[in-house]
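Participant:
Written out as structure tokens, the structure reads:
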């Protein structure tokens, strides 16, 4: 079953759009969620992320990962609410949402603390918002991960990150492989009979692991035999520039984040520092990339659809930032 | 093009420090000229793959071990270089292309090698155009590789190996997983590459009967470290891997031996030998009966409703192209595979209804990837565990294994056995259970002729103990050797159910090599020929 037969080949289909567009948009959504404390906004962002995946996904193993992100999101919300009910700061003044018997525990030092008790509407709501914010962030990233084809993304990564990106893309591919190999091995093991004790586990685990390692080695051998790993030469000057700009990037980003955390009111200073850090990050990548001598035969061009995806994400972030979605 | 001087290769001993005393390759001296089409063969486990891998640095880079001597490719000594240093000179294609694919679209896969070597875009575009036309892939460039047939995938792998301008192509059993049509497509292309494009082709193969007529020379990796090179007719004194055409020549005393079917045919017509009729065993008792057995995957019907009776005292071959439903039918009969509908009756009931432990006493099966059944750390442990599983006296499996594979150090890790030895091991583990029905799915993959003969002898012994054997395969010569009855599966439906001569005899689509050579009615195996 291919993407083509799955009839989702419309304007915004993931198989036609740039994987980077989904990541930029996903990060915008995640940032908007982190800035908002309105339950409805957070729920809308989550719903939007899932809807986009549903409409734009292609029939590929990574598209199915959104289910796991949804599961993770629900677990986060549930845990958050349960924790709030259990570790409750009892408050008898506001109207109660749940009135549970309070348990107080005295450890023999300091104040005794209370579990359960009278859970107020306000605190439940706060817990829900906290949980939903995390869930919305998880789903936004999940959206990007489900829609961006890791192999296309690999083509679009700058040369300096190519080795890392290759490793990640192989790892992503390995997961569905391991699942199918697990099924195959379990069935094959049934042909031999049941072992007793630990052997029954090793009987499954060893062939599956062996298979996974063998497949990875085979892929690695094939890549190596086709020239992966060749490196060009860099001049001393390029090395110097690369090191210097790496240092500047790290320093600026660290300072910028520190400013953001400690004096978030000076918006323009921390924004300026972080932005200049990002500029140097770009320079670092550019300079470091000259060492790899690859051709990019198939260049994924940025198209109108990608612009639509990015602008939508950007607009949502902008409105969150300016307080429209407060 | 390729020259080796005193090339030696040894794996390390298990302590990881010292060279093993038995080198895989010992002082190998070869000269292969440009555009030569070379067949690399040798008995199971002799180190054909290792030999190929030393020619592009994958050994020792990916296998471990120590390499010494000189390896000149296109005049450059590349001994000890990493595989990527070879990539503009040597292309490499292995047994399972799907495992070695880097990209998911055909075009991306083909250009990968050229991109790594920074070939400029105009040249890549030109090469893609030329190679894809040559390989018949020009209509498939935008298709996902996973949707292609095995033969098409192998052609993509060949194009991808040649894109960076390689003048040497190494292929490690490229046709072993392909059906007849896919295999002959690939072989024709390889011949074209060597004759018209001047590519030096080194092809390691087990199924040499179809290859031997088209190659320029044969390299034999003997397994004791020695490697010899010569003309096809001179290289097959060792009958362990001689194909039927050579066996026929030897039996009838042809000098020199014929290596193409045409040569053999004219020799046969000059002096045809006498031959006897091939007798098949009559069916014994009904061992297994399927009723309306059907397998579906989603909306795809893999096996159409099947009514099939299998009898004891017989070996039934299940033939058919890749994807015709052989494996699905085997698993459905065995009981642990999916069934859409239908039942299977044996003397002990439907295997699907039995517990795993009871089922293996009724139907045993050797699956396609035999190594999935191995999980212990030494051969001795596996053999011992098997005796316990099957409740037979200690040492029974070991005796059986030795009969199939010869004497092998029992401290060996099962993963270090060759494909053929692993199959022999799994076969012994399964045979020792003594179930009345035995199913084998592609058992001859990676086996040389002598290992196939050993397997055939074992199956014959089983048959005479009134066992029912179902053999799913596309190995025509093996079916000719052992089968009493042949089923042909096409698109999930049994389209033929007959005695072997009607499927493998002269003029048939699946004619055996002896049928093709002699063109005599009723003659299709070497055993029938009397001199």
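Residue numbers (the numbering used here), protein chains in the order written: chain A, 78 to 403; chain B, -14 to 516.
Built from N, CA and C at the ideal position, the CB exists for glycine as well.
Does residue 304/B pass the burial test, meaning 16 or more other C-beta atoms within 10 Å, or should it be called exposed?
Facilitator: Along the second chain, read from residue 1 onward, the residue named residue 304/B stands at position 319. Residue 304/B should be labelled buried.
Participant: Counting C-beta neighbours from all protein chains within 10 Å, is the total for residue 50/B 16 or more, i.e. buried, or is it exposed?
Facilitator: Within the second chain, numbered from 1, the residue matching residue 50/B stands at position 65. Result: buried.
Participant: What's the C-alpha gap between residue 103/B and residue 386/B?
Facilitator: As a first step, residue 103/B must be located in the second chain, where it is residue number 118. As a first step, residue 386/B must be located in the second chain, where it is residue number 401. Cα to Cα, the separation comes out at about 51 Å.
Participant: Going by beta carbon distance, what residues of the same chain come within less than 8 Å of residue 371/B, once the five residues before and after it are set aside?
Facilitator: As a first step, residue 371/B is located in the second chain; it is residue number 386 there, counting from the start. Here the set comprises 382, 413, 414 and 417.
Participant: Tell me whether the beta-carbon of residue 463/B lies closer than 9 Å to the beta-carbon of residue 429/B.
Facilitator: As a first step, residue 463/B is located in the second chain; it is residue number 478 there, counting from the start. As a first step, residue 429/B is located in the second chain; it is residue number 444 there, counting from the start. A contact, by the Cβ cut-off of 9 Å.
Participant: From the DSSP output, in three-state form, read off residue 410/B for me.
Facilitator: Taking the second chain and counting its residues from 1, the one referred to as residue 410/B is at position 425. In the structure shown, residue 410/B sits in a helix (DSSP, three-state: H, G or I).
Participant: I'd like the list of long-range same chain contacts for residue 312/B, defined as Cβ closer than 6 Å, with 5 residues on each side in sequence excluded.
Facilitator: Within the second chain, residue 312/B is the residue found at index 327, counting from 1. Excluding sequence neighbours, residue 312/B sits near 426.
Participant: Output, in chain order, the set of chain A residues within a Cβ distance shorter than 7 Å of residue 105/B.
Facilitator: The residue labelled residue 105/B in the question sits at position 120 within the second chain. Those within 7 Å of residue 105/B in chain A are 372.
Participant: What would DSSP say about residue 240/B, mapped onto helix, strand or coil?
Facilitator: Working through the second chain from its first residue, we reach residue 240/B at position 255. Residue 240/B falls in the coil class under three-state DSSP.
Participant: Any beta-carbon of chain B closer than 9 Å to the one on residue 284/A?
Facilitator: As a position in the first chain, residue 284/A is number 207, starting the count at 1. For residue 284/A, the answer is yes, since a Cβ of chain B falls inside 9 Å of its Cβ.
Participant: Do residue 292/A and residue 84/B count as a contact pair if the criterion is CB distance below 9 Å?
Facilitator: As a first step, residue 84/B must be located in the second chain, where it is residue number 99. As a first step, residue 292/A must be located in the first chain, where it is residue number 215. Result yes, Cβ atoms of residue 84/B and residue 292/A sit closer than 9 Å.
Participant: If we require 3 or more residues per run, which beta strand (DSSP E) segments fall completely within the region 298 to 348 of chain B?
Facilitator: Here the runs fully enclosed are 299 to 304 and 326 to 331.
Participant: Could you give the first and the last residue of the continuous beta strand (DSSP E) run that contains residue 113/A?
Facilitator: The residue labelled residue 113/A in the question sits at position 36 within the first chain. Run containing residue 113/A: none; DSSP gives neither H nor E here.
Participant: Please decide whether residue 256/A counts as near chain B, where near means a Cβ-Cβ distance under 9 Å.
Facilitator: The sequence position of residue 256/A within the first chain is 179, counting from 1. Chain B contact via Cβ: absent.
Participant: Express the C-alpha separation of residue 390/B and residue 501/B in angstroms, rounding to a whole number.
Facilitator: Stepping through the second chain from its first residue, residue 501/B is reached at position 516. Stepping through the second chain from its first residue, residue 390/B is reached at position 405. Between residue 501/B and residue 390/B, the C-alpha separation is close to 31 Å.
Participant: According to DSSP, what are the bridge partners of residue 201/B?
Facilitator: Against the second chain, residue 201/B aligns to sequence position 216. In the DSSP output, where bridge partners are listed per residue, residue 201/B has none listed.
Participant: When we look at the beta-carbon of residue 99/A and count the other beta-carbons within 10 Å, is it buried (16 or more) or exposed?
Facilitator: Start at 1 with the first residue of the first chain, and residue 99/A comes out as number 22. With 16 or more Cβ atoms within 10 Å of its Cβ, residue 99/A is classed as buried.
Participant: For residue 254/A, which residues of its own chain have a beta-carbon under 7 Å away from its beta-carbon, when the five flanking residues on both sides are left out?
Facilitator: By one-based count along the first chain, residue 254/A stands at place 177. Cβ within range, chain order: 289 and 292.
Participant: With C-beta atoms as the reference, is residue 274/B less than 9 Å away from residue 213/B?
Facilitator: Counted from its first residue, the second chain places residue 274/B at position 289. Counted from its first residue, the second chain places residue 213/B at position 228. In this structure, residue 213/B does not lie closer than 9 Å to residue 274/B by Cβ.
Participant: In chain order, what residues of the same chain lie with their CB nearer than 8 Å to the CB of residue 216/B, ignoring the 5 residues before and after it?
Facilitator: Taking the second chain and counting its residues from 1, the one referred to as residue 216/B is at position 231. Correct list, in chain order: 202 and 203.
Participant: Residues of chain A with CB closer than 7 Å to the CB of residue 414/B, please, in chain order.
Facilitator: Position 429 of the second chain, counted from the start, is the residue given in the question as residue 414/B. What residue 414/B touches in chain A: 269.
Participant: Which residues in chain B have a C-beta closer than 7 Å to the C-beta of residue 280/A? List them in chain order.
Facilitator: Taking the first residue of the first chain as 1, we reach residue 280/A at position 203. Simply 360.
Participant: For a cutoff of 9 Å on Cβ pairs, would you count residue 92/B as touching chain A?
Facilitator: Position 107 of the second chain, counting from 1, holds the residue named residue 92/B. Cβ-Cβ to chain A under 9 Å: yes for residue 92/B.
Participant: Excluding five sequence neighbours on each side, which residues of the same chain lie with their C-beta closer than 7 Å to the C-beta of residue 36/B?
Facilitator: Walking along the second chain from the start, residue 36/B turns up at place 51. Here the set comprises 10, 25, 206 and 212.
Participant: Along the chain, where does the alpha helix (DSSP H) that runs through residue 503/B open and close?
Facilitator: Looking up residue 503/B in the second chain gives position 518. From DSSP, the alpha helix (DSSP H) with residue 503/B extends over 498 to 503.
Participant: Please report the straight-line C-alpha distance between residue 79/A and residue 392/B, rounded to a whole angstrom.
Facilitator: Numbered from its first residue, the first chain carries residue 79/A at position 2. Numbered from its first residue, the second chain carries residue 392/B at position 407. Only weak support is given to the placement of residue 79/A: the predicted model assigns it a pLDDT of 35, under 50, and the question is left unresolved by the model.
Participant: For residue 373/B, verify whether its CB is less than 8 Å away from any heavy atom of the ligand NAP.
Facilitator: Annotation note on the ligand NAP: not contained in the displayed structure, which lists no ligands.
Participant: Buried or exposed for residue 306/B, going by 16 or more other Cβ atoms inside 10 Å?
Facilitator: Counting from 1 along the second chain, the entry for residue 306/B is found at position 321. Classification for residue 306/B: buried.
Participant: Run through chain A and tell me which residues come within less than 7 Å of residue 98/B, C-beta to C-beta.
Facilitator: Against the second chain, residue 98/B aligns to sequence position 113. Under the 7 Å cutoff, chain A gives 303 and 304.
Participant: With a threshold of 8 Å, are at least 3 pairs of Cβ atoms found where one atom belongs to the region 139 to 158 of chain B and the other to the region 104 to 119 of chain B?
Facilitator: Touching, per the Cβ criterion.
Participant: According to the Cβ coordinates, are residue -13/B and residue 56/B closer than 9 Å?
Facilitator: Working through the second chain from its first residue, we reach residue -13/B at position 2. Working through the second chain from its first residue, we reach residue 56/B at position 71. In this structure, residue 56/B lies closer than 9 Å to residue -13/B by Cβ.
Participant: Can you say whether residue 222/A is buried or exposed, counting buried as having 16 or more other CB atoms within 10 angstroms of its CB?
Facilitator: The residue given as residue 222/A occupies position 145 in the first chain. Its Cβ being crowded by 16 or more others within 10 Å, residue 222/A is buried.
Participant: With three or more beta-carbon pairs closer than 8 Å as the criterion, would you say the region 319 to 334 of chain B touches the region 237 to 252 of chain A?
Facilitator: Too few Cβ pairs lie closer than 8 Å, so no.
Participant: Taking residue 268/A as the reference, give the member of 269/B, 506/B, 339/B and 80/B with the closest Cα.
Facilitator: Stepping through the first chain from its first residue, residue 268/A is reached at position 191. Ranking 269/B, 506/B, 339/B and 80/B by Cα distance to residue 268/A puts 339/B first.
Participant: If we count Cβ pairs, one from each stretch, closer than 8 Å, do we get three or more for the region 124 to 132 of chain B versus the region 177 to 185 of chain B?
Facilitator: No: the two stretches stay apart, fewer than three of their Cβ pairs being nearer than 8 Å.
Participant: Less than 8 Å between C-beta atoms, sequence neighbours within five positions excluded: which residues of the same chain meet that for residue 509/B?
Facilitator: Position 524 of the second chain, counted from the first residue, corresponds to residue 509/B. 263, 465, 485, 486, 489, 490, 491, 496, 497, 499 and 500.
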